Each structure stands twice: as structure tokens, then as C-alpha cells.
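Just below is one structure, and these are the notes that go with it.
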Amino acid sequence: MPGPHGDRRRVSADVKNALENDSDWTYDILQLEKVTEHHALTQLGFKIFDRWKVADALSCNEDILHRWLCTIEAHYHAGNAYHNATHAADVLQATSYFLDSPTVAAHISENHAIAAILAAAVHDLDHPGRGNAFLINTRQSLAVLYNDHSVLENHHVALAFQLTLQQNSNVNIFSNLSREEFTSMRHAMVEMVLATDISRHFEYLVKFNKVSRLSLRGAYTLCESIEFQMNVVDVPDDARDGNSLTICNMLVKCADISNPTREWSLCQKWAYRIVEEYFDQTKEEREKGLPVTMEVFDRKTCNVPLTQCGFIDMFVREAFANFSEFANLGHLSAQLEANYEQWKSQTSSWTPANNVSLHT
1 MPGPHGDRRR VSADVKNALE NDSDWTYDIL QLEKVTEHHA LTQLGFKIFD
51 RWKVADALSC NEDILHRWLC TIEAHYHAGN AYHNATHAAD VLQATSYFLD
101 SPTVAAHISE NHAIAAILAA AVHDLDHPGR GNAFLINTRQ SLAVLYNDHS
151 VLENHHVALA FQLTLQQNSN VNIFSNLSRE EFTSMRHAMV EMVLATDISR
201 HFEYLVKFNK VSRLSLRGAY TLCESIEFQM NVVDVPDDAR DGNSLTICNM
251 LVKCADISNP TREWSLCQKW AYRIVEEYFD QTKEEREKGL PVTMEVFDRK
301 TCNVPLTQCG FIDMFVREAF ANFSEFANLG HLSAQLEANY EQWKSQTSSW
351 TPANNVSLHT
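Each residue of the sequence shown is one higher than the one before, starting from 1 at the first, in UniProt numbering.
Quick look at the structure:
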């Protein structure tokens, strides 16, 4: 098949087959990774960008948009077990799926929908395979630059704009936007990528819950109350815009942590990938005498199923319970609970010997 900068239309039958059903939650992004030789982000991205008419929304030439996507993919680290371009493609597919929800569509602006698509593609750009705490503890230049606050998230989105706006790059997808349009798009993308910082998870969850409760209450009342209909009309534009952005922040956040809501085989494979990265980080921290940021992720002692139950308990369950209720996507929470029970059933029989080689 062609390289990442080749003609996007000249793809093999295997790639075409792997691109089918990409609007389904059961979509297998790992099969696409395999048949595209790790170019899932560009191949799926081309299709999703076409579906959402991203080029039209940006008044951008499609060739420039495609070159931009290739540039973005090239700046992900293929050597990372988890934080690579395939993860970005997975989050992009999830984001597109969530945006397809009629309830979501009714509450967000077109500008924010496009921003969410772009933010998903760049949200882990140039991820080094180590977390924020590691970068801070090793006094990496990025940690110094961003004053230890959302270090990687700031870097991901900053680099995305640096690559896009550099002179003579021929990948500036924003060149035909007005100053106001660019400012709005940039603000939204920055906010959505920063929202993926897991250390701020509950802050964004609280904000979303406030907006979703009002929206759901409004949906129920709208059919009953003329007064409410008049109030909806009177909602200030800036409030609508703020609510739209809050919803999209949560949408991209959920897309980023959606692996436990996928069908079991994908859920398991993604879990093994992230655990491998965490094992490597813990090993390096011990070798360098650094604070160990995630004690449970030691290859010699880790109970992987137990860590996955813990992650679901702490972060995923409540986020998806609230988001799926809002977006009318209850099957996501149902799949999450089925996967939780699968992990739970393995906790008692898991031994460190299982950790020797999880992701190959």
C-alpha cells in the first residue's frame, strides 16, 4: 500500500474492508492498524474528515487537509505501546461516533463539532510514553516550560498549532479562516485537548453535569411548557456557546477513556497496551531512583485485572453513566459493566507470570 503521503484513494482491498463500519461502536481500529501498517490515523482520518466535511468548514483545500493529517500522524511515536497514532485514530472514531448522537448534535455548534474532530486527532501528539508526573520529576524541559501544569496536554496542542502555522509548511488548514473564526477554533481545540488531563477529570465532570442536567430538564419540559420554550429562545449566545464547549470537552474526554466501553477483545487489548507503557515507566523510575508514580504497575507484582477494575471504578463508570444518559447511548455503560465483570472474574487467578509479555 502507499506510504502515509501517498494517494489516499489508492488503497488495498484489505484497507477498504477495514474501513467499513467505522460508524459502529464495535469498529476494530486494531485491524485497521495492522492492514495499514500503522497508518490508521491517516486512513480513517481521511474518511471521517470527508464525512464531516471538515475541508468545507475550514474553507480549506482537501489536499492541504490531507497533508496536515499526514504531518500530525508522523509526529506520534510509533514505538509507544499505547500513546501512538492508533490511539489517536481510536479517539477520533469515538469522537465521530459521539457527535452522531442526535442529542449531542442538538446541543453543540458546528464549529465545536469540527474542533472536536481536529482535537481528537492531535490530543496526544508527540506523547513520549511517559506521564506528566514523570516529566515533572525528571525536570524535563516541557515541565519547566508549562510550570508543571497539564504538561503533556499543553504540549500536544501547542505542537499541533506550531506544525500547522509554520511558514512554508503547506499544511495550514486555517489559512482561509477570518481572524475571529481562527480565534474561536483555536480556543475550542485548546480547551478540548486540555480537558483530557486526567488529573482534572472531576473538575470537568462537575461542569458537564451542570450543563447536562439543565439540558435534559429542558428536553423534558420543552414539550410541556410554553414558558420554557420562550426561555430557550432567550438564552444568550455566549451561554449557548459555553454549554456547547462544555459538552464537547466531556465528549473528547470520554472518547479518550472509552477503551473499557468497547467490546471485550478490544477492551482487553487496549488495557494490555497501556499497562505495558506503565510497566516501562515504573521500571525506569526505579532504575533512576525517582519517585514511583504508579506503584501498582510493577511487572513483578501487578494484578492487571484489578487495576482495570480500579480505573473503571474511579474514572470511567461515572463519566459514562452521565455522558451516555445525556447522549442516549446507554449501551456503552452496559458494555462497560460486562467488561468490568470480565476483569473482576480474572482478579483471583491472575499471577505476575501473566505480565511477562502482555502486548506483542
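Yeah, the Cβ is synthetic: ideal placement off N, Cα and C, and Gly gets one too. None of the values given here were measured: they were computed from a predicted structure.
- Contact check for glycine 131 and histidine 77: beta-carbon distance about 14 angstroms, past the 8 angstroms limit, so the pair fails to qualify.
- In the DSSP assignment, cysteine 267 falls within the alpha helix (DSSP H) that extends over 264–287.
- Your pair valine 252 and alanine 119 checks out as a contact, with CB atoms roughly 6 angstroms apart and the cut at 8 angstroms.
- Per DSSP, reduced to three states, the secondary structure at alanine 88 is helical.
- Here glycine 45 is buried. Its C-beta has 16 or more other C-beta atoms within 10 Å.
- The beta carbons of isoleucine 117 and threonine 95 sit closer together than 8 angstroms.
- In the three-state reduction of the DSSP assignment, valine 171 falls in the coil class.
- Between methionine 189 and leucine 177, the C-beta spacing is not below 8 angstroms.
- Between the alpha carbons of glutamate 37 and alanine 160 lies a distance of about 23 angstroms.
- Between glutamate 277 and tyrosine 82, the gap from beta carbon to beta carbon is short of 8 angstroms.
- Under a 10 Å Cβ-count criterion, arginine 51 is classified as exposed, with fewer than 16 other Cβ atoms of the shown protein chains found around its own Cβ.
- A straight line joining the alpha-carbon of serine 349 with that of tyrosine 204 spans about 36 angstroms.
- Judged by beta-carbon spacing, isoleucine 173 lies within the 8 angstroms limit of leucine 65, meaning their Cβ atoms are closer than that value.
- Ranked by how close their Cα comes to the Cα of proline 291, the residues Asn354, Tyr340, Arg139 have Arg139 in first place.
- For tyrosine 340, the enclosing alpha helix (DSSP H) stretches over residues 330–346.
- The beta carbons of arginine 273 and histidine 359 sit closer together than 8 angstroms.
- One thing to note: valine 144 has its Cβ no nearer than 8 angstroms to the Cβ of leucine 194.
- The residue among Phe182, Ala133, Ala18, Val122 with its C-alpha nearest the C-alpha of alanine 57 is Phe182.
- Under the criterion of beta carbons closer than 8 angstroms, phenylalanine 208 and threonine 261 do not qualify as touching, at roughly 17 angstroms.
- For lysine 269, same chain residues with a beta-carbon under 7 angstroms away, outside a window of 5 residues either side, are Leu30 in chain order.
- Taking C-beta separations shorter than 7 angstroms and ignoring five residues to either side along the sequence, the partners of leucine 125 in its chain run Ile72, His75, Tyr76, His156, Leu159, Ala160, following chain order.
- For glutamate 181, the enclosing alpha helix (DSSP H) has its first and last residue at 179–194.
- Rounded to whole angstroms, the gap between the alpha carbons of histidine 39 and histidine 123 is 17 angstroms.
- In the structure shown, glutamate 295 adopts coil according to DSSP, grouped into three states.
- Glutamate 20 sits in coil when the DSSP states are folded into three classes, being neither helix nor strand.
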